[in-house]
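**Student:** I have a structure here, written as structure tokens, and I will follow up with some questions on it.
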Amino acid sequence: PRIAVLASGRGTNLQALLDAIADGRLRASISGVFSDRSGAPVLERARDAGVPACAMDPARFDSRRAFDLAMFDAVAASGADFVVCAGYLRLLDEVVVERWRGRMVNIHPSLLPAYKGLRTHQRALDDGIDMHGASVHFVTPDLDGGPVLAQVRVPVLPGDDARTLAARVLEREHPLLVACVDMIAQGTARLVEDGVMLEGVRL
Ligand code: GRF
Numbered sequence: 001p002r003i004a005v006l007a008s009g010r011g012t013n014l015q016a017l018l019d020a021i022a023d024g025r026l027r028a029s030i031s032g033v034f035s036d037r038s039g040a041p042v043l044e045r046a047r048d049a050g051v052p053a054c055a056m057d058p059a060r061f062d063s064r065r066a067f068d069l070a071m072f073d074a075v076a077a078s079g080a081d082f083v084v085c086a087g088y089l090r091l092l093d094e095v096v097v098e099r100w101r102g103r104m105v106n107i108h109p110s111l112l113p114a115y116k117g118l119r120t121h122q123r124a125l126d127d128g129i130d131m132h133g134a135s136v137h138f139v140t141p142d143l144d145g146g147p148v149l150a151q152v153r154v155p156v157l158p159g160d161d162a163r164t165l166a167a168r169v170l171e172r173e174h175p176l177l178v179a180c181v182d183m184i185a186q187g188t189a190r191l192v193e194d195g196v197m198l199e200g201v202r203l
């Protein structure tokens with residue numbers, strides 16, 4: 001299976017996928033890396049690995065929908081079977097979300113359904129919770145609200161600030177994402193209605 005990765009930033013999650021493919025832990029290939037920011041370091045990581053990298057500027061399009069349709073035309077042209085959003089900082093138009101339903105996942109740095117949206121680490125610290133984490137979920141029109149494939153739990157430690165907590169979570173995001181992408185690529189996990197079917201069992 002071929003995986004397209006959408007990302008806006010530094011791309012450590014993309015790197016985790018590339019590394020896992022290179023050493024045979026992930027049986028898939030990356031069809032291309034797609035970004036809404038031309039200067040994003042993630043594009044450099046793609047090129048270094050010999051993967052096609054594509055950046056498109058939202059300001060050059062009349063609407064969110066026009067941009068997303070063009071972006072996902074490029075995704076489809078890369079031959080992608082699945083899309084992974086890994087730090088992609090744009091809301092997606094419902095047309096592309098529906099078109100890729102069951103074939104698109106997102107990694108989010110919180111234990112969903114807690115802390116949807118942005119600034120998850122700071123909000124978790126502000127609330128004084130002692131367990132935080134990350135989730136991989138299928139993308140549906142419900143923002144950060146689609147069915148969860150898997151999560152990792154990460155403790156909040158005394159003295160944490162948003163930076164130290166984010167770093168502890170990020171380290172665990174990488175194996176989480178690799179495992180989830182392997183599950184969808186091998187077909188052991190898939191979206192059914194609004195739940196997940198794992199190894200033939202409806203969760
Ligand atoms: C990660 O924390 C991911 O969960 C969030 O954005 C960050 C992306 O990091 N959606 P990177 O660009 O993969 O390093």
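Under our numbering, the sequence shown has 138 at position 138, and the numbering climbs by one with no breaks.
Quick reminder that beta carbons are idealized off the backbone N, C-alpha and C, glycines included.
Verify whether the separation of the beta carbon atoms of SER35 and ARG2 is less than 8 Å.
**Tutor:** No, these two residues do not count as a Cβ contact at 8 Å.
**Student:** Is VAL42 near the ligand GRF - that is, is its Cβ less than 7 Å away from at least one heavy atom of it?
**Tutor:** Yes.
**Student:** Just tell me which of GLY200, GLY87, ALA46 has its CA closest to the CA of GLY117.
**Tutor:** Residue GLY87 is the option with its Cα nearest to GLY117.
**Student:** So the candidates are THR140, ALA74, ALA124, LEU18; which of them puts its Cα closest to the Cα of GLY50?
**Tutor:** Closest option to GLY50, Cα to Cα, is LEU18.
**Student:** Report yes or no: do the region 41-50 and the region 66-85 share at least 3 C-beta pairs separated by less than 8 Å?
**Tutor:** With the cut-off at 8 Å, the region 41-50 and the region 66-85 do not touch.
**Student:** Let me make sure I understand the geometry here. Which of VAL84, ASP127, GLN122 has the alpha-carbon closest to that of ASN106?
**Tutor:** The residue with the shortest Cα to Cα distance from ASN106 is VAL84.
**Student:** Under 8 Å, do SER110 and THR120 count as touching if we go by C-beta distance?
**Tutor:** Closer than 8 Å, so yes.
**Student:** Would you say the beta carbon of THR164 comes nearer than 7 Å to a heavy atom of the ligand GRF?
**Tutor:** It does not: the Cβ of THR164 is nowhere closer than 7 Å to a heavy atom of the ligand GRF.
**Student:** When you compare only the Cα positions, how much space is there between ALA76 and HIS137?
**Tutor:** Near 21 Å, if we compare the C-alpha coordinates of HIS137 and ALA76.
**Student:** Buried or exposed, going by whether 16 or more other CB atoms sit within 10 Å of the CB of LEU6?
**Tutor:** Classification of LEU6: buried, given that the 10 Å Cβ count is 16 or more.
**Student:** For GLY133, which residues of its own chain have a beta-carbon under 6 Å away from its beta-carbon, when the five flanking residues on both sides are left out?
**Tutor:** If we look at GLY133 and ignore the five residues flanking it on each side, its Cβ neighbours are LEU111, GLN151, VAL152, ARG153, VAL154.
**Student:** Our contact map puts VAL95 next to ARG65 with C-beta atoms below 8 Å; I'd like the distance itself, whole angstroms only.
**Tutor:** VAL95 to ARG65, Cβ: 6 Å. Contact.
**Student:** Taking the alpha-carbon positions, what's the ARG202 to VAL33 distance?
**Tutor:** Spanning the two alpha carbons is a distance of roughly 32 Å.
**Student:** Would you grab the beta carbon distance between GLY79 and SER31 for me? Rounded to a whole angstrom, and I think it's under 8 Å.
**Tutor:** Rounded, the Cβ-Cβ distance is 5 Å, consistent with contact.
**Student:** Can you tell me which of the three DSSP states PRO175 falls into?
**Tutor:** Helix.
**Student:** With DSSP run on the structure shown, which of helix, strand or coil describes VAL5?
**Tutor:** It is a strand residue.
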